[in-house]
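To start, the structure under review is shown below, and the notes come after it.
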Amino acid sequence: MNLDLLQLREILEGCYSRALLDRILPEDDEYPDRMPFPGECLSDEIDADEFADLFRELLSAGAYLRALSLLKIAGGAWGPTAELLSLLSEALDLSEEELSTDPLPREFLGTQRARLAWSVIQKDTLAFAPCDGTKVNHGSASWIVSRADDVGDQRVPDGLALVWLSTTRVAGALRPAGARKQSRRRLELSCNVVFVGPIREKTGLSRVSAELQDLSDTGAGVQVRDRFGRMAGAALKGSRVRLELRKPDQKDPMVTLATIRWVDQETSETHGQLCRLGLKFEDPPPEFLSSVEELLSPGKGDVQYLWSLWESDSKKA
Amino acid sequence: MESVGVGQQEGVIGELSKVTWAVGGGKGGVGKSLVAISLAYWLGRLKRQAILMDGDLGGANLHTMLGMRIPQKNLDDFILKRVDTLDDILLPTSMQGVKLLAGGSEVPALANPNFAQKSRILRAMQNLETDVLLVDLGAGTSLNTLDLFLACPRKLVVMTPQPTSIQNAYGFIKAAFYRRISRALRRTQLKGLFDVSATSDEPIPQSVDEVLEEVSIGAPEALEEVRAAIEDLHLELVVNMARDHKEHKVGELIREVCMKFLGLEVRVRGTIPYDPGMEKWAKTMDAGALGQDTGSSALRAAYEIAYEMISELEAAPDSSYRRAA
Chain A
1 MNLDLLQLRE ILEGCYSRAL LDRILPEDDE YPDRMPFPGE CLSDEIDADE
51 FADLFRELLS AGAYLRALSL LKIAGGAWGP TAELLSLLSE ALDLSEEELS
101 TDPLPREFLG TQRARLAWSV IQKDTLAFAP CDGTKVNHGS ASWIVSRADD
151 VGDQRVPDGL ALVWLSTTRV AGALRPAGAR KQSRRRLELS CNVVFVGPIR
201 EKTGLSRVSA ELQDLSDTGA GVQVRDRFGR MAGAALKGSR VRLELRKPDQ
251 KDPMVTLATI RWVDQETSET HGQLCRLGLK FEDPPPEFLS SVEELLSPGK
301 GDVQYLWSLW ESDSKKA
Chain B
1 MESVGVGQQE GVIGELSKVT WAVGGGKGGV GKSLVAISLA YWLGRLKRQA
51 ILMDGDLGGA NLHTMLGMRI PQKNLDDFIL KRVDTLDDIL LPTSMQGVKL
101 LAGGSEVPAL ANPNFAQKSR ILRAMQNLET DVLLVDLGAG TSLNTLDLFL
151 ACPRKLVVMT PQPTSIQNAY GFIKAAFYRR ISRALRRTQL KGLFDVSATS
201 DEPIPQSVDE VLEEVSIGAP EALEEVRAAI EDLHLELVVN MARDHKEHKV
251 GELIREVCMK FLGLEVRVRG TIPYDPGMEK WAKTMDAGAL GQDTGSSALR
301 AAYEIAYEMI SELEAAPDSS YRRAA
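Protein chains in written order, with my numbering: chain A, 1 to 317; chain B, 1 to 325.
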């Protein structure tokens with residue numbers, strides 16, 4: 001069973017044939033419905049560069065689970081695995097210390113409970129079920145491929161799924177949050193964007209009122225109501241701004257420099273010209289970051305939202 | 001009153017009759033007791049029988065507001081089994097059609113009753129003969145307060161437009177929400193889902209979506225019960241002491257946040273304007289004097305709420321509520 005690259009791609013895209021599946025997963029007396037994914041199953045013919053290209057293609061599409069699945073299928077001993085795994089860890093923003101053979105739990109699991117997790121390969125989704133670890137006999141480190149509709153007492157999705165037992169304990173891990181590199185929390189707070197440098201001279205833009213829409217510890221999304229159309233057509237991308245935002249319970253604003261990474265403009269019937277800016281913070285001061293951390297801390301989102309509504313109402317009044 | 005099986009399930013405080021209204025809220029001083037008294041006043045004036053119960057088990061003082069410095073009978077008599085029923089300790093008030101069930105102070109442990117005591121009180125409440133039972137709860141989010149609040153099928157959360165009160169009202173609703181779900185999960189492996197353990201940094205679910213996701217994974221057998229628990233909460237807000245248009249709208253803020261983060265449909269039942277006359281009245285400790293100020297804007301607003309309460313009780317198809325003659 002030497003899988004070539006085309007067959008690998010078929011598996012990852014969900015276009016595999018039943019015959020291929022049967023070939024990958026031969027019947028086994030002990031585990032008739034599920035099989036450890038055979039190690040060293042790749043064809044010797046596979047070109048390492050082409051394999052790496054496929055991996056990068058998945059990575060750039062944000063298909064992290066499929067990318068990881070590719071590495072799992074190839075097996076840890078295969079040549080470029082470690083190097084590609086580090087790319088995945090980088091994409092998921094894991095530190096060197098957290099680099100392991102299974103970087104997903106921090107990003108997707110967010111749990112300390114022992115669980116079975118399964119990835120429906122071609123759909124790039126991940127689901128979990130609690131498991132005490134005794135019902136699955138393949139050990140916590142290995143992956144298995146399931147064709148059955150249950151693993152132990154747990155149902156798994158239809159189709160080819162990679163199933164593994166995770167007891168990874170990672171503090172402060174995130175909930176399944178899609179493929180974003182940095183998790184962003186939706187927040188609605190008023191803020192000011194102050195243009196600095198050449199863009200200010202070219203366009204006459206100085207300080208504009210804006211609404212913060214989402215926030216992470218590396219950047220923010222803000223929305224500006226561009227009443228006079230001064231921002232339309234301006235080469236805002238790459239410009240530097242000072243972002244001033246004020247927590248509802250704080251007198252002084254939080255301030256940091258930022259670069260505009262993307263601009264999205266649209267005309268709204270009710271609000272006129274709207275301009276959304278994606279900002280990347282530049283060397284944010286520690287006090288700014290600690291305030292951001294506080295805003296992002298779990299359990300406070302609802303209260304922050306309550307205060308943002310309160311503040312917004314106060315302004316209207 | 002109709003029977004719905006109070007305390008029939010082990011470890012659970014059951015629900016009271018549908019004519020029982022809890023008047024609660026996280027913060028002291030927002031006017032819970034005054035709102036409860038005003039509603040009872042109007043229920044009486046609208047020819048209904050109302051019982052005002054002091055549900056502040058650790059700090060009963062509703063009787064004081066009604067002009068009784070030392071009530072002749074109170075909940076202590078029931079707890080200490082000097083009487084058999086709560087009917088035996090009902091006190092007349094100078095408000096037409098309104099009786100008082102005063103809280104006790106003789107039994108310190110009553111501030112924190114055990115499950116058997118709570119069940120006994122709730123069973124006895126179930127047997128009270130009245131058109132409407134208004135339970136004036138104490139401040140705070142102690143489990144006993146939350147349990148009594150949750151046992152009442154109709155729940156008013158009183159708040160004022162003060163920022164601290166807004167935060168407390170939301171905190172109270174959230175605490176009640178989590179308490180209700182915890183009880184729905186008590187027999188599953190997710191029991192203790194919202195407990196903060198010193199040894200665990202497992203994040204606690206922070207929204208209804210996260211709760212349902214956690215339950216669907218960890219205790220799918222309880223998913224329907226949890227959904228029903230959330231849908232059956234029937235929370236209502238009363239904004240008290242609102243001074244201007246903006247303050248009249250603060251209930252909407254709570255409503256929006258509850259919907260967005262808890263998935264809870266919270267209704268703004270009404271707004272009672274700030275009325276210095278009510279403060280003056282509270283100092284007189286004379287229930288009979290309530291309503292003498294015929295121009296009281298607060299009482300007018302309370303009338304609208306009371307009238308609506310009665311109309312809804314009468315309109316409810318499954319109600320045992322009897323129409324006034």
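The C-beta atom is built at its ideal place from N, Cα and C for all residues, glycine as well.
Buried or exposed by the 16-neighbour rule on C-beta atoms within 10 Å, applied to K99 (chain B): Position 99 of the second sequence, counting from 1, holds the residue named residue 99 (chain B). K99 (chain B) comes out buried.
Run through DSSP, which three-state label would A242 (chain B) get? Position 242 of the second sequence, counted from the start, is the residue given in the question as residue 242 (chain B). The answer is strand: DSSP assigns A242 (chain B) an E or B state.
Just the C-alpha distance for E282 (chain A) and E57 (chain A), rounded to the nearest angstrom, thanks. By 1-based counting over the first sequence, the position of residue 282 (chain A) is 282. By 1-based counting over the first sequence, the position of residue 57 (chain A) is 57. Between E282 (chain A) and E57 (chain A), the C-alpha separation is close to 29 angstroms.
May I ask you to report which of helix, strand or coil DSSP gives T81 (chain A)? What you label residue 81 (chain A) is simply residue 81 of the first sequence in a count that begins at 1. DSSP places T81 (chain A) in helix when its eight states are reduced to three.
Name the two residues that bound the continuous beta strand (DSSP E) containing E211 (chain A). Mapped onto the first sequence, residue 211 (chain A) falls at position 211. Per DSSP, E211 (chain A) belongs to the beta strand (DSSP E) from R207 to L215.
Comparing the C-beta of I173 (chain B) with each C-beta of chain A, is any distance below 8 angstroms? As a working note, residue 173 (chain B) is residue 173 in the second sequence. Not an interface residue.
If you measure between the beta carbons of M254 (chain A) and R261 (chain A), is that distance less than 8 angstroms? Locating residue 254 (chain A) in the first sequence gives position 254, counting from the first residue. Locating residue 261 (chain A) in the first sequence gives position 261, counting from the first residue. The answer is no: Cβ separation not under 8 angstroms.
Closest Cβ-Cβ distance between D214 (chain A) and chain B: below 8 angstroms? Within the first sequence, numbered from 1, the residue matching residue 214 (chain A) stands at position 214. D214 (chain A) does not count as touching chain B.
Would you say E279 (chain B) faces chain A, with C-beta separation under 8 angstroms as the test? Along the second sequence, read from residue 1 onward, the residue named residue 279 (chain B) stands at position 279. It does not; no Cβ of chain A falls within 8 angstroms.
When you compare the CB of Y178 (chain B) with every CB in chain A, is at least one pair closer than 8 angstroms? Here residue 178 (chain B) is taken as the residue at index 178 of the second sequence, counted from 1. With 8 angstroms as the cut-off, Y178 (chain B) does not count as an interface residue toward chain A.
So, is the C-beta of I261 (chain B) closer than 8 angstroms to a C-beta in chain A? Within the second sequence, the letter at position 261 stands for residue 261 (chain B). A small correction: the amino acid at residue 261 (chain B) is Phe; Ile does not occupy that position in the sequence shown. By this cut-off, F261 (chain B) is an interface position.
Can you tell me whether E314 (chain B) is helix, strand or coil according to DSSP? On the second sequence, residue 314 (chain B) is found 314 positions in, with the first residue counted as 1. The answer is helix: DSSP assigns E314 (chain B) an H, G or I state.
T85 (chain B) burial status per 10 Å Cβ neighbour count (16 or more: buried): Your numbering for residue 85 (chain B) matches position 85 in the second sequence. With fewer than 16 other Cβ atoms within 10 Å, it is exposed.
Cβ separation of R267 (chain B) and V132 (chain B), assumed to be a contact under 8 angstroms, to the nearest whole Å: Here residue 267 (chain B) refers to the residue found at position 267 of the second sequence. Here residue 132 (chain B) refers to the residue found at position 132 of the second sequence. Actually they do not touch by this definition, with Cβ atoms about 18 angstroms apart.
If you reduce the DSSP assignment to three classes, tell me which class E252 (chain B) lands in. Counting from 1 along the second sequence, the entry for residue 252 (chain B) is found at position 252. Three-state result, E252 (chain B): helix.
Per-residue contacts from W310 (chain A) into chain E (C-beta, under 9 angstroms): The chain inventory of the structure shown lacks chain E, comprising the protein chains A and B.
Taking 8 angstroms as the CB-CB limit, is V292 (chain A) close to chain B? Counted from its first residue, the first sequence places residue 292 (chain A) at position 292. No - not a single Cβ of chain B is within 8 angstroms of the one on V292 (chain A).
What residue range is occupied by the uninterrupted beta strand (DSSP E) comprising V222 (chain A)? Residue mapping note: residue 222 (chain A) aligns to position 222 of the first sequence, counting from 1. Run containing V222 (chain A): G219 to R225, per the beta strand (DSSP E) assignment.
Where does E266 (chain A) sit, in a helix, a strand or coil, going by DSSP? Your numbering for residue 266 (chain A) matches position 266 in the first sequence. Strand, per DSSP.
Quick check on this structure: which residue in A:L212, A:E83, A:T259 and A:D217 has the alpha carbon closest to the alpha carbon of K280 (chain A)? Taking the first sequence and counting its residues from 1, one reaches residue 280 (chain A) at position 280. Answer by Cα proximity: A:T259.
Using the three-state DSSP reduction, which class does C275 (chain A) fall into: helix, strand or coil? Taking the first sequence and counting its residues from 1, one reaches residue 275 (chain A) at position 275. C275 (chain A) falls in the strand class under three-state DSSP.
Give the residues of chain B in contact with L306 (chain A), contact being defined as C-beta atoms less than 8 angstroms apart. Here the question's residue 306 (chain A) lines up with position 306 in the first sequence. In chain order: I166, Q167, Y170, L253, I254 and V257.
So who's on the other strand from C191 (chain A), going by DSSP bridges? As a working note, residue 191 (chain A) is residue 191 in the first sequence. Answer by DSSP bridge pairing, in chain order: A:A210 and A:L245.
Counted within 10 angstroms of its Cβ, other Cβ atoms place I272 (chain B) as buried (16 or more) or exposed: Position 272 of the second sequence holds residue 272 (chain B). When all chains shown are included, I272 (chain B) counts as buried.
First through last residue of the beta strand (DSSP E) which encompasses L137 (chain B): By 1-based counting over the second sequence, the position of residue 137 (chain B) is 137. Annotation: the continuous beta strand (DSSP E) that includes L137 (chain B) extends over V132 to L137.
Tell me the rounded alpha-carbon separation between I73 (chain A) and I217 (chain B). The count along the first sequence starts at 1 and reaches residue 73 (chain A) at position 73. The count along the second sequence starts at 1 and reaches residue 217 (chain B) at position 217. Cα to Cα, I73 (chain A) sits roughly 27 angstroms from I217 (chain B).
Any C-beta of chain A under 8 angstroms from that of K246 (chain B): Within the second sequence, numbered from 1, the residue matching residue 246 (chain B) stands at position 246. Chain A, which has a Cβ nearer than 8 angstroms to the Cβ of K246 (chain B), makes this yes.
Compare the Cα-Cα distances from I310 (chain B) to each of B:R69, B:P92, B:S165 and B:A40 and report the closest residue. As a first step, residue 310 (chain B) is located in the second sequence; it is residue number 310 there, counting from the start. The shortest Cα separation from I310 (chain B) among B:R69, B:P92, B:S165 and B:A40 belongs to B:A40.
Short of 6 angstroms in beta carbon distance, which residues of its chain neighbour V292 (chain A), apart from the five on each side in sequence? Order them along the chain. For this step, residue 292 (chain A) is matched to residue 292 along the first sequence. Excluding residues within five positions, the ones whose Cβ falls inside 6 angstroms are D217.
Determine whether the beta carbon atoms of F177 (chain B) and L90 (chain B) lie at a separation below 8 angstroms. As a working mapping, residue 177 (chain B) is identified with position 177 in the second sequence. As a working mapping, residue 90 (chain B) is identified with position 90 in the second sequence. Taking 8 angstroms as the Cβ cut-off, F177 (chain B) and L90 (chain B) do not qualify as a contacting pair.
Is it true that the CB of Q117 (chain B) sits closer than 8 angstroms to the CB of I79 (chain B)? Your numbering for residue 79 (chain B) matches position 79 in the second sequence. Your numbering for residue 117 (chain B) matches position 117 in the second sequence. Yes, the Cβ-Cβ distance between I79 (chain B) and Q117 (chain B) is below 8 angstroms.
Spell out the partners DSSP gives W310 (chain A) in its beta bridges. Mapped onto the first sequence, residue 310 (chain A) falls at position 310. According to DSSP, which records beta bridges pairwise, W310 (chain A) is partnered with nothing at all.
Could you work out which residues of chain B lie near D302 (chain A), taking near to mean beta carbons separated by less than 9 angstroms? Translated into positions along the first sequence, residue 302 (chain A) becomes position 302. Residues of chain B passing the Cβ test: Y170, K174, Q206, S207, V257, C258, K260, F261 and L262.
Whose C-alpha, out of B:R82, B:L46 and B:V23, is nearest the C-alpha of D56 (chain B)? As a first step, residue 56 (chain B) must be located in the second sequence, where it is residue number 56. Comparing Cα positions, the closest option is B:V23.
If I measure Cβ to Cβ from L70 (chain A) and keep anything under 6 angstroms in the same chain, skipping five residues before and after, which residues do I get? Along the first sequence, one-based indexing puts residue 70 (chain A) at 70. Answer for L70 (chain A): F55, listed in chain order.
Do V196 (chain A) and A210 (chain A) have their beta-carbon atoms positioned less than 8 angstroms apart in this structure? Position 210 of the first sequence, counted from the start, is the residue given in the question as residue 210 (chain A). Position 196 of the first sequence, counted from the start, is the residue given in the question as residue 196 (chain A). No.
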